[in-house]
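> Sequential numbering of the sequence shown, starting at 92, is according to our numbering. Heads up, the beta-carbon is just placed ideally off N, CA and C, and yes, glycines get one too. Computed from a predicted structure; not experimentally measured.
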Amino acid sequence: MLTSVERLLFIRAVPIFRELRDDFLVRLASVMDELSFPNSHSIFTEGQEGRSLYIVVSGKVRVHLADRELARLEQGACFGEMSLFDAEPRSASVTTLENCECLMLTQMQLYDAIDETPDIAINIIRLLSRRIRELNQKLNARENNMATTKVAEFR
């Protein structure tokens, strides 16, 4: 899949790892697992126990709740990060939209890395905060659209 140099360069470009030192990135790149998934493959399902974060190397995935799509993710995007921290079941399902290559980081690998370089925790918190903010904006937009529709129907 990726050579060690390609893997390092790829991980360096991923937002949650962008500000980390090269020595840490080299270590992180060396412990991550490389996975290949076929088209229409369920990587994990809502409610399933999980302790790993995935990064899309190639291909596309769909994040969804049953038939409702929440997001489409492409190269460089992360998913599954919530389960690394809260020990709760997966909050959504992820299915490939085409053949897909991913890197996987387990909870234990991450915790070992955070002990060594706490900055990674700050970057992950930023990522989670950004996703919550985006979801709040989408929710507010839907509520505003619904309110506008109801007012228009009432007139």
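So within the region 127–199, which uninterrupted alpha helix (DSSP H) runs reach at least 4 residues, ignoring any that extend past its ends?
List check, alpha helix (DSSP H) in window: 173–177.
> Starting from phenylalanine 115, trace the alpha helix (DSSP H) in both directions and tell me its first and last residue.
113–122 is the span of the alpha helix (DSSP H), which, as asked, contains phenylalanine 115.
> Alpha carbon to alpha carbon, what distance is there between alanine 232 and valine 152?
Using only the alpha carbons, I get a separation of about 24 angstroms.
> Say whether the region 118–125 touches the region 188–204, bearing in mind that this needs 3 or more beta-carbon pairs closer than 8 angstroms, one atom from each stretch.
Yes, the region 118–125 is in contact with the region 188–204.
> For glutamate 110, name the three-state secondary structure that DSSP assigns.
Three-state result, glutamate 110: coil.
> Specify whether the region 180–191 and the region 152–162 touch according to this definition: at least 3 beta carbon pairs, one from each stretch, less than 8 angstroms apart.
Touching, per the Cβ criterion.
> Quick check on the burial criterion: 16 or more other C-beta atoms within 10 angstroms. Buried or exposed for serine 121?
Exposed, because fewer than 16 other Cβ atoms sit within 10 Å of the Cβ of serine 121.
> Mind checking who glutamate 125 pairs with in its DSSP beta bridge?
Per DSSP, Leu194.
> Nearest by alpha-carbon distance to glutamate 165: which of Thr240, Gln200 and Val105 is it?
Of the candidates Thr240, Gln200 and Val105, the one whose C-alpha sits nearest the C-alpha of glutamate 165 is Val105.
> Going by the CB atoms, is the gap between leucine 100 and phenylalanine 108 shorter than 8 angstroms?
No. Outside cutoff.
> With C-beta atoms as the reference, is glutamine 32 less than 8 angstroms away from proline 180?
Here the chain comprises residues numbered 92 to 246, so residue 32 is not present and cannot be evaluated.
> Provide the residue span of the alpha helix (DSSP H) that contains leucine 99, from first to last.
It spans 95–104 - the alpha helix (DSSP H) in which leucine 99 sits, taken as one unbroken run.
> Which residue's Cα is closest to the Cα of serine 174: Ser182, Leu156 and Gly167?
Checked all of Ser182, Leu156 and Gly167; the closest Cα to serine 174 is Ser182.
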